[in-house]
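Protein chains in written order, with numbering that gives the first Met the number 0: chain A, 0 to 139; chain B, 0 to 139; chain C, 0 to 139; chain D, 0 to 139.
I have placed the structure first, in the form of C-alpha cells, so that the comments after it can refer back to it.
4 protein chains.
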Amino acid sequence: MITYEYKFRVAYPDTDKMGTVHHSNYAKYYERARWELLRNIGIPYQTIEDAGIMCPVISMKFKFVKTTKYDELLTVKTTLKAIKGVRIWFTYRLQNEKDELINEAETELAFVGLNNWKPCVPPPFLVKAIEKYQHDSTTK
Amino acid sequence: MITYEYKFRVAYPDTDKMGTVHHSNYAKYYERARWELLRNIGIPYQTIEDAGIMCPVISMKFKFVKTTKYDELLTVKTTLKAIKGVRIWFTYRLQNEKDELINEAETELAFVGLNNWKPCVPPPFLVKAIEKYQHDSTTK
Amino acid sequence: MITYEYKFRVAYPDTDKMGTVHHSNYAKYYERARWELLRNIGIPYQTIEDAGIMCPVISMKFKFVKTTKYDELLTVKTTLKAIKGVRIWFTYRLQNEKDELINEAETELAFVGLNNWKPCVPPPFLVKAIEKYQHDSTTK
Amino acid sequence: MITYEYKFRVAYPDTDKMGTVHHSNYAKYYERARWELLRNIGIPYQTIEDAGIMCPVISMKFKFVKTTKYDELLTVKTTLKAIKGVRIWFTYRLQNEKDELINEAETELAFVGLNNWKPCVPPPFLVKAIEKYQHDSTTK
C-alpha cells in the first residue's frame, strides 16, 4: 500500500457562483494526486503512455463532506490500493489546513493499449517500481 | 419518476490527449441534463437559487462503459429518482447515436440555504411541480 | 464574408465566485461558434482533421464589455473574415437576449499538418465550400 | 515594474485531442501567475476581495508561439506593467524548460466594487505594497 500527499491551492476558475469549488474539479485534483504518487516512486505517468499504454478511468465515486474555497491550501492523501490483472485502484482523502475532511473518493483505472484501447497488463517497469517501493517500506 | 432526454455535442476542449472525453466532464454533462429536466417541468434551477436555496452535490458515482469522441451527438437520459427530506437523487445514462451506453451515473444532491449552507427542505414550488408532473403523467 | 449565429446557455461551472462567467470560457464559446459556422456551410471541423489538417489558434484577443450570468441565453455572431495563405481569421460578437454586447473577440488560426505541425494550405474542400457559399449569398 | 516567476506542470485535462494544451487554459495559467506575483509582495488576491473589491479582466490578448504538452514544467514570467486610475495591467511570457517562448500575453483588469460592479480605485494597501516593493527594489 503506497501513499502520497499532494498539496495545492484552489484556483479561481475552480470556483462557481456558490462560492465554493465546482464538483467536477475533484476528479482533476485526484488525477494530479495519483500521478504525483507515481512520480514519487519514479514512474511519471507519461512514461506509461510512452510505453504504449494508457490508464483511462473506468469507475469513480465521490463523497462531499465539507466545502472548500478559493486559495485554500488543500492536501490530497492518495493511496494506491491495488494493482491486479488489467486494473489499478486508488483512494483519496482531501483535507484542508485544519485537517478537516473535505471529500473522499475512489477511482478504478484500466490499462489499455494506446492504439487499440484493448485491456492489457500494466507495464513491467511500473509493477516492479511498486513492488520495490513496498519492499523498501516494509524492510525500513 | 420523471425522465428527460438532453442532447448535446462533445466540445473540443472536453477531449484530452487520449483523443476521448476527459472523465471530469461527465459531471458537467449530467449537471446540465438534470437542470434541463427541471426546466422541462417548469422550474429552471436558477429559480431555486432565487428562492434562497442551492443544490450542491453530496455524492456521485460514474461507470465508464465505452469511449466517445469530439463532435459526437450524445443523449443523456436523466431520471429524477426521488426527492425526500433534504435530498434529491438523479440517475443518468449517456448514449451515443447508435444507442450504445457510454456512461452511467448517480448523483445525490442536498437542499441548503444560500447564505448559511444549512440543510433545508426543498422549495414548495419545486415539490408541487414534481407532484403535478407525476400526477399528469399517470393520468394521461 | 460568412456569418453565423450560435445560441447557447451559460452553464453552471462556467461561472466563478464573482457570480459571472470566468474569462477563460469565452475562448471555448467562440471555438464552438466558429465550428458551427463551418458546419453550416457543410464542413464540420472534424472533416478537416480527417483530411490530416488541424487548426490551432495562433493569436486571439478579447474585449469584455458587460457581464453575463448563469443560464442566460447568449448569441455569438461569428464572422469568417478571411482565409489566406496558411491562416484563417474569425471575429465574434457575444450578445445577450436584450441584444446588449457582452464581449467581442478576434482569433487567428493556422492550418497545420496533423502529424508534423507544419503550416500548410487549407484543404481544397474547405476553400471550395467557402467560395460556393459566398457566391450563392451574393447571387441570391 | 514588478516581476515574478511562477512554475507549474501541464495537467492532463489541459490537453485536447491535438495532444497539446487547449488555448483556453492559458488564461487560467496567467491568472494564477499574476495572483502569485501579488502574493509575493504580501497581497494574496483574496485580501482584495475581502476589502470589497474585485478585479475582473476587461481585455486580454494572446500570441501562441510554440506548442507545449502534458507534464512539461513551464514558467510564467509575469510583469505588473502599470496600475493607474481604476485599472491594472500585466504581461506574461510562458517558457518551457529549454527557455523557449511558448506564449505571450497581456491582460487589463479593472477594480470594481464587489456588490455594485462599479469601477473604483484600488485598495490603498495594494497601492502601498506595490510602491514599497518598487522602492525597495530600486534602492537595493
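Using N, Cα and C, we set each Cβ at its ideal position, and we do this for glycine too.
Compute the minimum distance between the beta carbon of residue i and the heavy atoms of the ligand MN, and state whether it is under 7 Å.
{"i": "threonine 67/A", "result": "Absence of the ligand MN from the depicted structure is noted, as is the absence of any ligand whatsoever, leaving it without description."}
Looking at the structure shown, is residue i part of a helix, part of a strand, or coil, going by DSSP?
{"i": "alanine 32/A", "result": "helix"}
{"i": "tyrosine 3/D", "result": "strand"}
{"i": "aspartate 129/D", "result": "Just to set this straight, residue 129/D is isoleucine in the shown sequence, not aspartate. Isoleucine 129/D: helix per DSSP, three-state reduction."}
{"i": "threonine 19/C", "result": "strand"}
{"i": "lysine 97/D", "result": "coil"}
{"i": "proline 121/D", "result": "coil"}
{"i": "lysine 62/B", "result": "strand"}
Which residue marks the beginning of the alpha helix (DSSP H) containing residue i, and which one marks its end?
{"i": "valine 9/A", "result": "Taken as a continuous stretch (DSSP letters only), valine 9/A belongs to no alpha helix (DSSP H), as it is neither H nor E."}
{"i": "isoleucine 47/A", "result": "44 to 49"}
What's the call for residue i, buried or exposed, on a 16-neighbour Cβ count within 10 Å?
{"i": "lysine 16/C", "result": "buried"}
{"i": "asparagine 102/D", "result": "buried"}
{"i": "threonine 138/D", "result": "exposed"}
{"i": "aspartate 13/D", "result": "buried"}
{"i": "histidine 21/B", "result": "buried"}
{"i": "valine 9/B", "result": "buried"}
{"i": "alanine 109/D", "result": "buried"}
{"i": "leucine 100/D", "result": "exposed"}
{"i": "alanine 104/B", "result": "buried"}
{"i": "valine 111/A", "result": "buried"}
{"i": "methionine 0/C", "result": "exposed"}
{"i": "threonine 146/D", "result": "Here chain D covers residues 0 to 139 and nothing more, so residue 146/D does not appear."}
{"i": "serine 145/C", "result": "For chain C, the structure presents residues 0 to 139; residue 145/C sits outside this window and is missing."}
{"i": "valine 56/D", "result": "buried"}
Following the continuous beta strand (DSSP E) through residue i, name the residue where it begins and the one where it ends.
{"i": "glutamate 103/A", "result": "100 to 109"}
{"i": "tyrosine 91/D", "result": "86 to 94"}
{"i": "threonine 78/A", "result": "72 to 83"}
Is there at least one Cβ from chain G nearer than 8 Å to residue i's Cβ?
{"i": "lysine 62/C", "result": "Reference to chain G is not applicable here, since the protein chains of this structure are A, B, C and D."}
Task: Residues, ordered as in the chain, of the region 8 to 28 of chain B that lie near chain D by beta-carbon distance below 9 Å - done: If the cut-off is 9 Å between Cβ atoms, the region 8 to 28 of chain B has Tyr11, Pro12, Asp13, Thr14, Asp15, Lys16, Met17, Gly18, Thr19, His21, His22, Ser23, Asn24 near chain D.
- [ ] Closer than 7 Å, Cβ to Cβ, to anything on chain B: give me those residues from the region 67 to 99 of chain C, in chain order.
- [x] Taking 7 Å as the Cβ-Cβ cut-off against chain B, the residues of the region 67 to 99 of chain C that qualify are Tyr69, Asp70.
Open item on the list: Three or more C-beta pairs under 8 Å: does that hold for the region 65 to 84 of chain A against the region 8 to 27 of chain B?
Closed with: No, they do not touch.
- [ ] Would you list, in chain order, the members of the region 101 to 131 of chain C that have their beta-carbon closer than 7 Å to a beta-carbon of chain D?
- [x] Within the region 101 to 131 of chain C, the residues whose Cβ lies closer than 7 Å to some Cβ of chain D are Trp116, listed in chain order.
Task: At least 3 beta-carbon pairs within less than 8 Å: the region 113 to 124 of chain C vs the region 50 to 58 of chain C - done: Touching, per the Cβ criterion.
Open item on the list: Could you check whether the region 73 to 93 of chain D touches the region 78 to 97 of chain A, counting it as contact only if at least three pairs of C-beta atoms, one from each stretch, sit closer than 8 Å?
Closed with: Output reads no: the region 78 to 97 of chain A does not touch the region 73 to 93 of chain D.
Open item on the list: When you compare the region 32 to 42 of chain B with the region 28 to 47 of chain C, are there three or more beta-carbon pairs, one atom per stretch, that lie closer than 8 Å?
Closed with: With a cut-off of 8 Å, the region 28 to 47 of chain C and the region 32 to 42 of chain B do not count as touching, because too few Cβ pairs lie within range.
Open item on the list: Counting only Cβ-Cβ distances shorter than 9 Å, please list the residues of the region 38 to 57 of chain B near chain A, keeping chain order.
Closed with: Within the region 38 to 57 of chain B, the residues whose Cβ lies closer than 9 Å to some Cβ of chain A are Glu48, Met53, Pro55, Val56, Ile57, listed in chain order.
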